[in-house]
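Right, one structure below, let's go through it.
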Amino acid sequence: MSLVNITPDADGTTLTLRIQGESNDPCPHSAGTVEYGQIQGTIDNFQEINVQNQLINALPASSPPAMLIFRYS
């Protein structure tokens with residue numbers, strides 16, 4: 001899993017979450033929740049603010065490479 005194509009935009013940041021398998025097998029059906037927002041404070045004492053979440057639901061890939069790409073703004 002990696003974040004790529006990270007760029008600032010008018011609403012904050014746009015990025016791509018790339019999930020890639022270790023083999024050339026197709027990706028299986030995948031589902032999960034991505035949460036994002038801001039962190040305020042210090043490493044020892046912080047608060048998460050403006051937290052949003054988005055359900056992702058990806059159907060199996062029909063052929064290799066095993067990669068799922070989600071774009072967020």
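34 is the number that full-length UniProt numbering gives to position 34 of the sequence shown; each next residue is one higher, with no gaps. Note that CB positions come from ideal geometry on N, CA and C, so glycine has one too.
1) Closest by CA to residue 55, which one among 45, 12 and 30?
2) Nearest-angstrom Cα distance between residue 58 and residue 1?
3) Which partner residues of residue 2 appear in the DSSP bridge assignment?
4) Return helix, strand or coil for residue 57, following the three-state DSSP convention.
Taking the definition as stated:
1) For this step, residue 55 is matched to residue 55 along the sequence shown. Among 45, 12 and 30, the Cα nearest to that of residue 55 is on 30.
2) Numbered from its first residue, the sequence shown carries residue 58 at position 58. Numbered from its first residue, the sequence shown carries residue 1 at position 1. The straight-line gap from Cα to Cα measures roughly 15 Å.
3) Here residue 2 is taken as the residue at index 2 of the sequence shown, counted from 1. Paired residue(s): 18.
4) Taking the sequence shown and counting its residues from 1, the one referred to as residue 57 is at position 57. Three-state DSSP puts residue 57 in a strand.
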